[in-house]
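A.B. asks: 483 is the number that our numbering gives to position 177 of the sequence shown; each next residue is one higher, with no gaps.
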Amino acid sequence: MEEQIEELDIHRKNELISKTLYDKLKEYFESGGSLDTDDWLFYVEHKFEDESLLDIPQLQQERNSQFDFNESRIFKILKENGFFENQEYAPSQESRKILNKRFVEETVSIASLDNSKMMHFDLEGDVMKENNSYTVFLEEMEVFTKGIFSPTNIIEKWKSSEGPIEVQFVCGEDEYNFKPSYYDDWYDLGQPLTQINGMASIQ
307 MEEQIEELDI
317 HRKNELISKT
327 LYDKLKEYFE
337 SGGSLDTDDW
347 LFYVEHKFED
357 ESLLDIPQLQ
367 QERNSQFDFN
377 ESRIFKILKE
387 NGFFENQEYA
397 PSQESRKILN
407 KRFVEETVSI
417 ASLDNSKMMH
427 FDLEGDVMKE
437 NNSYTVFLEE
447 MEVFTKGIFS
457 PTNIIEKWKS
467 SEGPIEVQFV
477 CGEDEYNFKP
487 SYYDDWYDLG
497 QPLTQINGMA
507 SIQ
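(1) How many angstroms separate the CA atom of ARG317 from the CA atom of TYR482?
(2) Could you give the first and the last residue of the continuous alpha helix (DSSP H) run that contains TYR328?
(3) Does LEU331 get closer than 9 Å to chain D when you measure Cβ to Cβ?
(4) How many Å lie between ASP420 and GLN310 at the Cα?
(5) For GLU468, which of ILE454, GLY478, ASN459, PRO486 has the nearest alpha-carbon?
(6) For SER439, does the count of other Cβ atoms within 10 angstroms reach 16, so buried, or fall short, so exposed?
(7) Can you tell me whether LYS319 is helix, strand or coil according to DSSP?
(8) May I ask you to report which of helix, strand or coil DSSP gives LYS463?
(9) Only counting the same chain, and skipping five residues up and downstream in sequence, which positions put a Cβ closer than 7 Å to that of VAL433?
(10) Based on Cα-Cα distance, which residue from GLY504, ASP428, ILE461, TYR488 lies nearest to PHE455?
(11) Please identify the residue among SER324, GLN393, TRP464, ILE502 whose C-alpha is closest to the C-alpha of GLU446.
(12) Classify LYS330: buried if its beta carbon has 16 or more other beta carbons within 10 angstroms, exposed otherwise.
(13) Three-state secondary structure (DSSP) at GLN509?
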């Protein structure tokens, strides 16, 4: 109860909900009531200017009749938090195609489609000498980090089709190398990720 009242105080302080609704919700919490996340999103979004609806069950019934937590709503929430900065949601635009891949039920899955914020990388990625797989990985990490990690002069050496493997590259004024183990067609990213994380934390 205390946490919900504290959150309620913050919402009122930032004028996200009306004083009338604030008073009613506080009374509701103090009497042992609670709200789920969807309820909170609804009240904050609509601010419930209709002060005639002051009974909490009525409010929840109104939310259920008006509020559809669908893909457009998910997109809006994610956009407000920095995702999809260069995209707008519309059925006729590319964003609609992205959101139409059965990810509606999982907000995290939708968020992962913005590769400027999240990155999907298949560790079982046909890792082999002919594919220069680790070179491709380093180049993709440059895109993902928006140039914070910017490798140049990448050299990927395989002594045989099953290793040993050595990868060398330059980042800034420093030279780096790592020697991933050979796991058939799986990546070994322990060393490179440690190095990249270290570089990113310096920026």
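Cβ coordinates follow ideal geometry from the N, Cα and C atoms, glycine included.
Since this is a predicted model, take the numbers as computed values, not measurements.
C.D. replies: For this structure:
(1) Here the sequence assigns His to residue 317, which means Arg is not the residue at that position. Rounded to whole angstroms, HIS317 to TYR482 spans 49 Å at the Cα level.
(2) 325-336
(3) The displayed structure is made up of one protein chain only, and chain D is not part of it.
(4) 32 Å
(5) PRO486
(6) buried
(7) helix
(8) strand
(9) SER439, ASP491, TRP492, TYR493
(10) GLY504
(11) ILE502
(12) buried
(13) Unreliable placement is indicated for GLN509, whose pLDDT of 48 sits below 50; no coordinate value is reported for it.
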